[in-house]
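To start, the structure itself, in structure tokens.
Numbering (the numbering used here), first residue to last: 5 to 168.
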């Protein structure tokens, strides 16, 4: 089994598009798909959530102790440049990355106390944004909606934030 096939089998066939686009991008940039880069990408795809470089680094180090934090940062930035990852900076200032899925859109709720990020989709909000854009003479090309608040559930990671 080729390295690419192994990587695809660990991340599922649904990510074949991702690997194909990454291979094309690397080829155009005259870059190689290194073993360490593959591990970083595999774990990034497997997590399928917002992740910062340090968290991803701690995960990939368990697979290969030789992977450095700089490799993780470079790989995430390469994925962003290739259009395969989105980088977001939330209120706490940390940068997180997630897989770019052009056919999907979601917005975010962010807890100002613990930093928890909850993704959500709401057709009414999407329709309202289109309506407002039209009223103001715009054709909406895209948007980013991040709503900040405080967790009201018992699972908030910061003690004392639960408000019944």
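Ideal Cβ positions, reconstructed from N, Cα and C, are used throughout, including at glycine.
- Proximity to residue 125 across 111, 136 and 117 peaks at 111, based on C-alpha coordinates.
- Looking from the CA of residue 99, the closest CA among 80, 87 and 147 belongs to 80.
- Judged by DSSP secondary structure, residue 90 falls outside any alpha helix (DSSP H) and instead within the beta strand (DSSP E) spanning 89-93.
- A contact is defined here as three or more CB-CB pairs under 8 Å, and the segment 132-152 meets this definition with respect to the segment 103-118.
- Rounded to whole angstroms, the Cβ separation of residue 121 and residue 94 is 7 Å, and the two are in contact under 8 Å.
- Under the three-state reduction of DSSP, residue 129 is assigned to helix.
- Its chain contains no residue whose beta carbon lies nearer than 6 Å to that of residue 53 once the 5 sequence neighbours on both sides are disregarded.
- Using a Cβ-Cβ distance cut-off of 8 Å, the segment 17-26 and the segment 35-55 are in contact, since at least three pairs of beta carbons, one from each stretch, lie closer than that value.
- The shortest C-alpha to C-alpha distance from residue 70 to any of 89, 92, 43 and 127 is the one to 43.
- The bridge partners DSSP lists for residue 48 come to none.
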